[in-house]
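The sequence shown begins at 13 in the working numbering and counts up by one. The block underneath contains the structure these notes are about, expressed in structure tokens.
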Amino acid sequence: MRVLGIDPGLRNMGWGVIDADGARLAHVANGVCRSDGDDLAQRLLSLHFQLTDIVAAHAPDAAAVEQTFVNKDGAGTLKLGQARGIALLVPAQAGLHVGEYAPNAIKKTVVGVGHADKGQVAHMVKMQLPGVTLAGPDAADALAIAICHAFHLQSANTLAGALARAGA
Numbered sequence: 013m014r015v016l017g018i019d020p021g022l023r024n025m026g027w028g029v030i031d032a033d034g035a036r037l038a039h040v041a042n043g044v045c046r047s048d049g050d051d052l053a054q055r056l057l058s059l060h061f062q063l064t065d066i067v068a069a070h071a072p073d074a075a076a077v078e079q080t081f082v083n084k085d086g087a088g089t090l091k092l093g094q095a096r097g098i099a100l101l102v103p104a105q106a107g108l109h110v111g112e113y114a115p116n117a118i119k120k121t122v123v124g125v126g127h128a129d130k131g132q133v134a135h136m137v138k139m140q141l142p143g144v145t146l147a148g149p150d151a152a153d154a155l156a157i158a159i160c161h162a163f164h165l166q167s168a169n170t171l172a173g174a175l176a177r178a179g180a
């Protein structure tokens, strides 16, 4: 299964693609979409175009996005929410189911603790995807989101299989 992870951001939207075969994970690609334009609408449109190209190029089977946390800057949170809308919209337009995970759930899945810093997340991503060259912290976070989603999909499939065997 090919999984796309997206770390939403208005200036920099991280993305990462992995292949998951059971417990085996393999890095496919990662990068950062950088918005450009003179106003919010143009910046969102540029993110939409870039992410659409990534989905077309890598043909993921599933996608996941980090949930937004509310901070003290209400205007900043709203702008991040709009970028997150693009991160949800593009995979949905491609017919993909989009998982959503809280930042602490992603960190707990990848690092083992829910309050890990960005350096710890990047380190564990490199451990789980040997040989990966990270395009930056946003790309590392996106790969962590993809790893988290792959893990949760595998767990759900294992549970569904066990329930099917128990009912048979």
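The beta carbon of each residue, even a glycine, is placed where N, CA and C say it ideally should be.
Where residue i falls: helix, strand or coil (DSSP)
| i | result |
| --- | --- |
| A104 | helix |
| G49 | coil |
| L22 | coil |
| G126 | coil |
| G17 | strand |
| A75 | strand |
For residue j and residue i, the rounded distance between their alpha carbons
| i | j | result |
| --- | --- | --- |
| R14 | D31 | 4 Å |
| P142 | V122 | 14 Å |
| A162 | D50 | 37 Å |
| P149 | M139 | 15 Å |
| W27 | R96 | 12 Å |
| K84 | A68 | 36 Å |
| V144 | A104 | 27 Å |
| V29 | P72 | 8 Å |
| Q132 | A87 | 29 Å |
Assumed close pair residue i, residue j - CB separation to whole angstroms, cut-off 8 Å
| i | j | result |
| --- | --- | --- |
| V77 | L59 | Rounded, the Cβ-Cβ distance is 13 Å, inconsistent with contact. |
| A154 | V110 | That pair is no contact at about 13 Å. |
| Q166 | A114 | Q166 to A114, Cβ: 19 Å. No contact. |
| L16 | A134 | The Cβ separation is near 19 Å, so there is no contact. |
| L22 | L92 | 6 Å |
Assigned exposure category for residue i - 16 Cβ within 10 Å defines buried
| i | result |
| --- | --- |
| Q62 | buried |
| A156 | buried |
| A178 | exposed |
Proximity winner among the options, relative to residue i (alpha-carbon distances)
| i | options | result |
| --- | --- | --- |
| N42 | A114, H109, A152 and G93 | A152 |
| C45 | P20, P72 and Q54 | P20 |
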